[in-house]
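Taking it in order: structure first as structure tokens, then the write-up.
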Amino acid sequence: MASFIGFYSLSFGLFFSIFIILYSFINLKNSEVLDKKIVSFTFIQFFFVLISFLGLIISFVNSDFSNETVFNHSHTTKPLFYKISGTWGNHEGSLLLWLLVLTLFISIFLIRSNQQPTKYRIFTLLFQQIIIIGFFIFLIKTSSPFNYIFPKPNEGLGLNPILQDPALAIHPPILYLGYVGSSIIFSSALGAMVTSHVTKEWAKHIKRWVLISWVFLTLGILLGSIWAYYELGWGGFWFWDPVENVSLMPWFALTTLLHCILVLEKKKILTSWAMILSIATFALSMSGTFLVRSGILNSVHTFANDPERGLFILIFLFTLIFLSIFIFIFFHSEKEKIENNFFWLSKESSILVNNWFMMYFLSVVLIGTIYPIFLEVITANKISVGPPFYNKLIIPFLIPFLLAMAIGPKLNWIKSDFKDKFYMIIFLMISFLLSALIIKEFDISFLINTILVTSAFFLFFSTLREFFIKRLKNLSQNIAHFGFSLLILSVLFNNIFSNEIITNLKIGETFRSDKFTINFENIDQEDEKNFKAIIGKFNVLHTDGSSDTLNPELRIYNQPNIITSEADIKTNLLTDKFMTMNYVQNQEYFNIRYQVKPFMIWIWISVILISFGGLLSFFKKRYEI
Amino acid sequence: MRFIHIFLIASIILNFNFLKAEDIKTENKIAKNLRCLICQGQSVYDSDSEFAISLKLLIKNKIQEGMSEEQIYSFLKTKYGEWILYDPVFNRNTYFLWLLPLLIFLAGGAIIIRKFNNKNNLN
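Heads up: the protein sequence lines correspond to chains X and D, in order. Quick note: the first sequence uses this note's numbering, first residue 1, plus one each step. Quick note: the second sequence uses this note's numbering, first residue 1001, plus one each step.
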């Protein structure tokens, strides 16, 4: 019943697009005020998609296996929380969620943009409707979440256990809020170009959308990373996996846009660049969805693929890109005034430097991700592009980037002199001494590590000082930059000082190294609702006298029948102690991984700080820079 | 004399331990730079599949035979193809992969410099 309502509600939603477009065109002719009906129709459309989405959730909660999506991705013994999160833990449901957020955002946009010209609002709505209709057709044609199975099966196939996790349950919705937010930026940029509204006012108004999408995208990536850290059992938080890269690319583009908009809201320059970035961010979000869904990428995350769907998204994506290129060429004119002089030492130029590096990082990730695909198609050679590639091309460039990030915000608009020369030199010296002291081990990587840590410390101290001298002024930007320095520092220390071993142990055996002793005491068995757990009891004695008890788990899920391993992590402010236990077929011993990872929690904290900076800026009434 | 003996033995043992620790470090480093061919986007180091376990053993043996890191990579490359290496080799196939980002960086710099010069000339 719920599926039935869901399906028809979806079709009604699509039907309302016709009304919205029709009334929009009528409204364009006498565009003094926005027709109230258009707003109502947009809301009704959102309402129908919401009903449809709720219908799917209810089908999942009731384990209605006559619905194909529910049958493929759920099971009666699954806990309620994961029944609900299973709604978007699959291809069909996640697309419905996309559509829900699309319609929600355009409704919010219409309410919140009443200060803007009517024509611009209508055009933005129209462009957004193209995307919405595309998704409606995609959903109904190729991936309907409401397909009917007869006769009704008694039991479902279950959700992949590694997806049954609280962080992963909220990861897709948060990430989608970021992705879909970029669709509003895209439509609004097109609308602004068509109506020649690329102005300071536009920049001020769209900045909030940029900020909110950026905050959600950042948090979405963070959640995915946290999940990978404790669920995949490798102890890492970033693998340069293609699917991770795909979420990172729009983030780079959006971060660039965020900085570019700062200039645009002050002076009418860089308009073309802002337009290109707005289009690129959305194109990257969409192609991300395409690459993940098409199954082209070889990745841990690939959980749904079908060539027909991939083709649809590809055609849709190209249509949108061609449309935006067309509009950019024929409607956008760069009317920048000559008064806008650039001087080398100014805030504008430092923001350009930011844009420059961000685009470089983006190009490294983009080329690294798609180059192997093209090479395979053209020459049939398969190559892998992994962490060493990204490290080699990104890490050296971080050094000037961090230094510029420390200096840039201190500069004034238009023209500036170096202030605080004294403090900057002192900070640089302190940072260098501190880094050299910390990285005592003298080997080949000493030089690069020291310089890297020095530049990160330099940013750290510079932003820290800003808190005291500027206090509330520029707080949001300062928090974000401070968070970034903290992030780089924690990642570096985490990499340099982590300590890890892999060993095979039987029950009762002990592993000894010069840093710690691991004692495998015994195992326990526990029965849960949808899995059996084998819990290992380990005692780890460190040379400094501290000891920990760690209980990593093996879970044998009933449906689908999969063994997963759950890490046990002891976290404190300085280090994480991370242990996993893996089952080895036909052997008495277990495979044990133990890692001591310093400053792990600071990686998460710093990313939260970064997004908090963005959030603070979003809620600020007036921008003072 | 006896003291020297003990010292020698001790230093050999210590040295041996040190070398062993170095070997494990290299082993791990190599395993981290290899793709587990039967897994979905995992490195050999991160994986516990049979393939990964046998490969880790292979790396260990090759190191004991005295092969250098580079030699092991090229050995594995001929055996399994370039797909196994996470660090793509710089050759005809990958010129673009390695150089394109750097070219983009240079082009970006050039655009910025031109922007400044143009604007200042206009005045």
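C-beta atoms are modelled at their ideal positions from N, C-alpha and C, and glycine is treated no differently.
Within chain D, partners of residue i - CB distance below 8 Å
i         : result
VAL491(X) : Near VAL491(X) there are no residues of chain D at all, since even the closest Cβ is about 16 Å away, more than 8 Å.
LEU352(X) : ILE1112 and LYS1115
VAL364(X) : PRO1101
Closest residue to residue i among the options (Cα-Cα distance)
i          : options                                       : result
SER462(X)  : SER213(X), PHE282(X) and SER485(X)            : SER485(X)
PHE538(X)  : LYS506(X), LEU264(X), PHE468(X) and ILE185(X) : LYS506(X)
GLU658(X)  : PHE361(X), PRO153(X) and PHE46(X)             : Summary: the structure shown does not reach residue 658(X), with chain X confined to residues 1 through 625, and so no result is reported for it.
TRP556(X)  : ARG112(X), ILE162(X) and GLU32(X)             : According to the sequence shown, residue 556(X) is Ile rather than Trp. Minimum Cα distance to ILE556(X) is reached at ILE162(X).
PHE136(X)  : VAL263(X), PHE282(X), PHE53(X) and LEU475(X)  : PHE53(X)
ILE38(X)   : ARG309(X), LEU22(X) and PHE48(X)              : LEU22(X)
SER17(X)   : ILE133(X), LEU437(X) and SER144(X)            : ILE133(X)
PHE511(X)  : ASN72(X), ILE131(X), ASP576(X) and TYR589(X)  : TYR589(X)
LEU317(X)  : VAL491(X), PHE328(X), ILE279(X) and PHE331(X) : ILE279(X)
LYS473(X)  : LYS268(X), PHE105(X), GLY613(X) and GLU265(X) : GLY613(X)
PHE25(X)   : ILE51(X), PHE127(X) and SER183(X)             : PHE127(X)
ILE1053(D) : HIS171(X), VAL584(X), PHE599(X) and LYS597(X) : VAL584(X)
VAL385(X)  : GLU1065(D), LEU1100(D) and ASP1087(D)         : ASP1087(D)
TYR176(X)  : ALA283(X), VAL101(X), THR549(X) and VAL246(X) : VAL101(X)
GLU231(X)  : GLU566(X), SER606(X), SER611(X) and LYS570(X) : GLU566(X)
Nonlocal neighbours in the same chain, by C-beta distance under 8 Å from residue i, ignoring five residues either side
i         : result
CYS260(X) : LEU270, TRP273, ALA274, LEU277, ILE351 and ASN355
GLY508(X) : PHE520, GLU521 and ASN522
THR76(X)  : SER63, GLU155 and GLY156
LYS620(X) : SER476
Length of the line joining the Cα atoms of residue i and residue j
i          : j          : result
PHE578(X)  : GLY233(X)  : 9 Å
GLN587(X)  : ALA533(X)  : 18 Å
ALA456(X)  : ASN1033(D) : 26 Å
TRP602(X)  : LEU573(X)  : 8 Å
ILE1084(D) : LEU615(X)  : 42 Å
ILE535(X)  : LEU554(X)  : 6 Å
PHE1105(D) : VAL364(X)  : 10 Å
ASN1123(D) : LYS1115(D) : Residue confidence is low: ASN1123(D) scores 46 on pLDDT, short of 50, so the model does not pin down where it sits. Its coordinate-derived value is still stated next. If I take the Cα positions, the gap works out to 13 Å.
TYR390(X)  : SER107(X)  : 40 Å
LYS200(X)  : LEU428(X)  : 37 Å
TRP98(X)   : VAL180(X)  : 7 Å
ILE1023(D) : GLU500(X)  : For the sequence presented, residue 1023(D) should be read as Asp rather than Ile. Cα to Cα, ASP1023(D) sits roughly 14 Å from GLU500(X).
ASP514(X)  : ASP1046(D) : 23 Å
SER490(X)  : GLY235(X)  : 15 Å
VAL300(X)  : GLN1040(D) : Interpretation of VAL300(X) is limited by its pLDDT of 47, a score under 50 that renders its predicted location unreliable; no figure is taken from the coordinates.
GLY224(X)  : MET249(X)  : 15 Å
PHE1090(D) : ARG465(X)  : 44 Å
GLN525(X)  : ALA167(X)  : 25 Å
Proximal residues of chain D, C-beta to C-beta of residue i below 9 Å
i         : result
ASN582(X) : ASP1048
Residues that residue i contacts on chain X, provided the C-beta gap is smaller than 9 Å
i          : result
LEU1057(D) : Result: empty, since nearest Cβ-Cβ is about 12 Å, beyond 9 Å.
GLU1082(D) : ASN381, LYS382, ILE383 and SER384
PHE1090(D) : Within chain X, no residue comes near PHE1090(D); the closest Cβ sits about 11 Å away, beyond 9 Å.
LEU1097(D) : ILE367, GLY368, TYR371, PRO372, LEU375, ILE383, VAL385 and PHE389
ASN1093(D) : LEU375, THR379, ASN381 and ILE383
Chain-order list of residues whose beta-carbon lies under 6 Å from that of residue i (same chain, five-residue window excluded)
i          : result
ALA304(X)  : The predicted position of ALA304(X) is uncertain, since its pLDDT is 48 and thus under 50; a value taken from the coordinates is nonetheless stated next. Answer for ALA304(X): HIS91, listed in chain order.
GLY13(X)   : GLN45, PHE48 and VAL49
THR124(X)  : SER187, SER188 and GLY191
PHE7(X)    : PHE146
ILE1111(D) : none
ASN72(X)   : LEU157
ASN558(X)  : ASN530
Interface partners of residue i on chain D, CB under 7 Å
i         : result
TRP234(X) : ASP1046
PRO388(X) : ASN1033, TYR1086 and ASP1087
TRP356(X) : GLY1108, GLY1109 and ILE1112
ASP241(X) : GLY1041
ASN591(X) : ASP1048
LEU393(X) : PRO1101
Anticipated Cβ contact below 8 Å, residue i with residue j, distance rounded
i          : j         : result
TYR345(X)  : PHE252(X) : Looking at the sequence itself, residue 345(X) is Leu, so the reference to Tyr does not match. Going by Cβ atoms, the distance from LEU345(X) to PHE252(X) rounds to 26 Å, so no, they are not a contact pair.
LEU257(X)  : THR281(X) : 6 Å
GLU1082(D) : ILE383(X) : 5 Å
SER227(X)  : LEU254(X) : Note on residue identity: the sequence assigns Trp, not Ser, to residue 227(X). The Cβ separation is near 22 Å, so there is no contact.
Other residues of its chain near residue i: CB distance less than 7 Å, five sequence neighbours each side excluded
i          : result
GLU339(X)  : With a pLDDT of only 49 at GLU339(X), under 50, the local geometry of the prediction cannot be trusted, and no value is derived from it.
PHE467(X)  : ASN478
LEU110(X)  : VAL39, THR42, ARG121 and LEU125
ARG1060(D) : The sequence given here places Lys at residue 1060(D); Arg does not occur at that position. These residues qualify, in order along the chain: GLU1027.
SER85(X)   : ALA169
Neighbouring residues, chain X, relative to residue i (Cβ below 7 Å)
i          : result
PHE1105(D) : TYR360
Per-residue contacts from residue i into chain A (C-beta, under 7 Å)
i         : result
SER333(X) : Given the protein chain composition of this structure (X and D), no chain A is represented.
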